[in-house]
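Here you go:
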């Protein structure tokens, strides 16, 4: 992993440097994306991110050590865990949402279309790209939004899952 | 660099994966932090991030290739460039600001204190951690804010600069 072992960022007051010591790795952010999508099992995370088991295992272990993720047993024989976001992990949502807005606006072509549509449950209307609701102007929070994948993105996700299963 | 060369993320509709292909690297984000702080010269970026010249050069080159940064000559003999944010680069501010909020809240201890104080120029009062102004409730934009380092963080920055100069 690219993450520095000694966490030199702890020597700085800069919150961006501190945060990036935890989340400054592409695969770590993709693992968090899956946990926000409530895909909490190792296989799901592996299938939808496209990372190797070793890469996922290392990120989950580090996220647990950094306090963003907690493990819960869902099967005893054999022992299997689900990975849940902690309060610190859930608090990362605004970063992910801002990253989504920037990615949709600047890293895709118009013909791609959106991957997800969010509805602001507070007003029942489309939330837009944030940080405030495009319909009512209120600040958006994870718990106040419904998320729906576009058909095209859902097909991509389904294909990833099928390819993953076929490879085993 | 940890960045994948072939940009496999272009194969996905997910804007987070797309964005992370560009900014999913700790040092890249720290370079952007310096550009937002208007430290546009190679030496300044090197001194304040603590990275090696090779690391900075690779990130700046990639940021230019990805359209976030543009080079401008400020000295002809010898040839020297300043690095400026493009519109795409400036549009990354909400991500950086959200990362700052998360880092201040979850990656530091209370005794550390804030590194920066932002003033919302629209209302003239403290902006807080965003995404909306804590004083007036309006969404915060980079161009509408004044930023001031706390004395403790300014001392850290000054010490980095002095150490950098002494090392040359």
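Protein chains in written order, with the numbering used here: chain Y, 1 to 168; chain V, 169 to 336. Backbone N, C-alpha and C define an ideal beta-carbon position, used for all residues, glycine too.
Rank the options by C-alpha distance to the C-alpha of residue i and give the top, closest one.
i             : options                       : result
residue 258/V : 293/V, 324/V and 203/V        : 203/V
residue 232/V : 308/V, 268/V and 253/V        : 253/V
residue 107/Y : 278/V, 303/V and 260/V        : 260/V
residue 269/V : 99/Y, 95/Y and 25/Y           : 95/Y
residue 128/Y : 109/Y, 156/Y and 97/Y         : 97/Y
residue 113/Y : 150/Y, 19/Y and 50/Y          : 150/Y
residue 88/Y  : 70/Y, 166/Y, 136/Y and 77/Y   : 70/Y
residue 145/Y : 126/Y, 155/Y, 163/Y and 156/Y : 126/Y
residue 185/V : 44/Y, 157/Y, 155/Y and 49/Y   : 49/Y
residue 288/V : 301/V, 248/V and 230/V        : 301/V
residue 336/V : 211/V, 277/V and 179/V        : 211/V
residue 33/Y  : 115/Y, 11/Y and 135/Y         : 115/Y
residue 179/V : 165/Y, 157/Y and 166/Y        : 157/Y
Quick one, are the C-beta atoms of residue i and residue j less than 7 Å apart?
i             : j             : result
residue 29/Y  : residue 66/Y  : no
residue 206/V : residue 250/V : no
residue 140/Y : residue 130/Y : yes
residue 72/Y  : residue 31/Y  : no
residue 306/V : residue 285/V : no
residue 183/V : residue 104/Y : yes
residue 142/Y : residue 47/Y  : no
residue 122/Y : residue 194/V : no
residue 99/Y  : residue 187/V : yes
Could you give the C-beta distance for residue i and residue j, rounded to a whole number, given that I count them as a contact under 8 Å?
i             : j            : result
residue 321/V : residue 13/Y : 5 Å
What residues from chain Y crowd round residue i, counting only those whose CB sits closer than 7 Å?
i             : result
residue 272/V : 15
residue 186/V : 103, 107 and 108
residue 192/V : 25, 26 and 29
residue 259/V : 102, 105 and 106
residue 266/V : 94, 95 and 98
residue 283/V : 13, 14 and 15
residue 256/V : 106
Can you list the residues of chain V that residue i reaches, using a CB-CB cut of under 7 Å?
i             : result
residue 61/Y  : None at all; the shortest Cβ gap to chain V is about 18 Å.
residue 156/Y : 180 and 181
residue 33/Y  : 184
Quick one: which chain V residues come within Cβ less than 8 Å of residue i?
i             : result
residue 83/Y  : Here the premise fails: no neighbours, minimum Cβ distance about 18 Å.
residue 132/Y : 299, 300 and 307
Can you pull the chain Y residues whose beta carbon is under 8 Å from the beta carbon of residue i, in chain order?
i             : result
residue 189/V : 26 and 107
residue 321/V : 13 and 14
residue 280/V : 13
Report the residue ranges of all beta strand (DSSP E) runs contained in full by the region 89-165 of chain Y; include only those spanning at least 3 residues, in chain order. Within the region 89-165 of chain Y, the complete beta strand (DSSP E) runs of at least 3 residues are 116-120 and 145-149.
Which complete alpha helix (DSSP H) runs does the region 201-243 of chain V hold, if anything under 4 residues is left out? 210-217 and 221-233
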